[in-house]
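See below for the structure under consideration.
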DNA sequence: CTCATATTTTATAATAATTATAATTTTACA
DNA sequence: TGTAAAATTATAATTATTATAAAATATGAG
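This is the structure we're talking about:
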């Protein structure tokens, strides 16, 4: 238990962030719940552990984390930002039925398109939208029931 | 002039949309300004032509257009939605210096990643972020000036 | 053509995510 | 142990968007 906390502390320090209770709790939450949570998801999940927690602290912490490269902010077709603890290049699939967000790997050989020759590319977002296999199976079952 | 209006009318009708003054003006604006405008961009640009125009009408029209496939809503790393009159698959590059958004083609041979086998993919967003050539050149010039 | 009805547009208010500001609490360390 | 800096919180402000209902416009039957 204490070891875990120390690992989390080191993780933050390595990223040039002073550890604090809130920051450790948020980091722990993100590592245990790699579901691309929104600020509100994080807030609601930590509220019973930390009853004085404020939403502003979540935003402050996430801004700090994003600036130090601990999380990547992801923008899907929704108005809330989401936070991804996995900052390595990968794609996201959002199912518009269950709203779940799936990760998928991206072949590393993305070559710069000719049109962007001379551009500096710092970041890449690849988002797919559709229906996941789970939800597709459910739909099929419903069709059967309805005849 | 009239011919153009008729072409615009037909374009809407073909997309199952009843033409109206507002809809035609917005469509015309989008075709003449393929700059991925926000609702506010469109509103401000049309306000002098149509002084009674309301922001709500822009949102209504864009929702209608998006539903009928006349525009694609694009979500970049900003809170406002943008609208793209080009609904064919292509990528976007946003320069974080000049904020301009560039289009670039995507090689058609995007194969479904194994992880998404059995998923229905309805839509793909590919967004790159960085500094465009223009702004990079300007930066270089500033370095020179500064010594 | 004219009235009734449906559609479109507008004005207004409500909502929700985020940011700004300043006050309070906690931490660090002289 | 006291003080300055940093972190956290409460509160209010901002902004994009949506909801609602009223007003304006278009449509179509008689």
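Chains as they are written, first to last, in the numbering used here: chain P, 1 to 147; chain A, 1001 to 1147.
The beta carbon of each residue, even a glycine, is placed where N, CA and C say it ideally should be.
Here the structure is a predicted model, which is why all the values come from computation and not from measurement.
In angstroms with no decimal places, state the Cα-to-Cα distance between residue i and residue j.
| i | j | result |
| --- | --- | --- |
| residue 1104 of chain A | residue 1111 of chain A | 18 Å |
| residue 33 of chain P | residue 1116 of chain A | 21 Å |
| residue 17 of chain P | residue 1127 of chain A | 29 Å |
| residue 147 of chain P | residue 140 of chain P | Note on residue 147 of chain P: pLDDT 48, under 50, position unreliable in the model; the coordinate value appears next. If you take the alpha carbons of residue 147 of chain P and residue 140 of chain P, they lie about 11 Å apart. |
| residue 29 of chain P | residue 1136 of chain A | 39 Å |
| residue 37 of chain P | residue 23 of chain P | 15 Å |
| residue 1094 of chain A | residue 27 of chain P | 30 Å |
| residue 1133 of chain A | residue 1092 of chain A | 15 Å |
| residue 64 of chain P | residue 1099 of chain A | 23 Å |
| residue 89 of chain P | residue 97 of chain P | 25 Å |
| residue 1042 of chain A | residue 76 of chain P | 23 Å |
| residue 1081 of chain A | residue 1102 of chain A | 16 Å |
| residue 45 of chain P | residue 55 of chain P | 12 Å |
| residue 123 of chain P | residue 129 of chain P | 20 Å |
Since residue i sits in a beta bridge, which residues does DSSP pair it with?
| i | result |
| --- | --- |
| residue 84 of chain P | P:72 |
| residue 1092 of chain A | A:1103 and A:1127 |
| residue 38 of chain P | P:82 |
Just reading off the beta strand (DSSP E) that residue i is part of, what are its end residues?
| i | result |
| --- | --- |
| residue 126 of chain P | 120-131 |
| residue 148 of chain P | Outside the displayed range of chain P (1 to 147) lies residue 148 of chain P, so it cannot be described from this structure. |
| residue 25 of chain P | Taken as a continuous stretch (DSSP letters only), residue 25 of chain P belongs to no beta strand (DSSP E), being part of the alpha helix (DSSP H) at 21-32. |
Near residue i, which residues of its chain fall below 7 Å by C-beta distance, leaving aside the five closest residues on each side in sequence?
| i | result |
| --- | --- |
| residue 1138 of chain A | none |
| residue 1085 of chain A | 1030, 1031, 1034 and 1071 |
| residue 62 of chain P | 39, 71 and 83 |
| residue 1121 of chain A | 1112 |
| residue 1049 of chain A | 1025 |
I'd like the list of long-range same chain contacts for residue i, defined as Cβ closer than 6 Å, with 5 residues on each side in sequence excluded.
| i | result |
| --- | --- |
| residue 9 of chain P | 19 |
| residue 1058 of chain A | 1039, 1042 and 1043 |
Ends of the alpha helix (DSSP H) at residue i?
| i | result |
| --- | --- |
| residue 1058 of chain A | 1055-1067 |
Here's a check: name, in chain order, each residue in its chain whose Cβ is nearer than 8 Å to the Cβ of residue i, leaving out the five neighbours to either side.
| i | result |
| --- | --- |
| residue 66 of chain P | 72, 73 and 83 |
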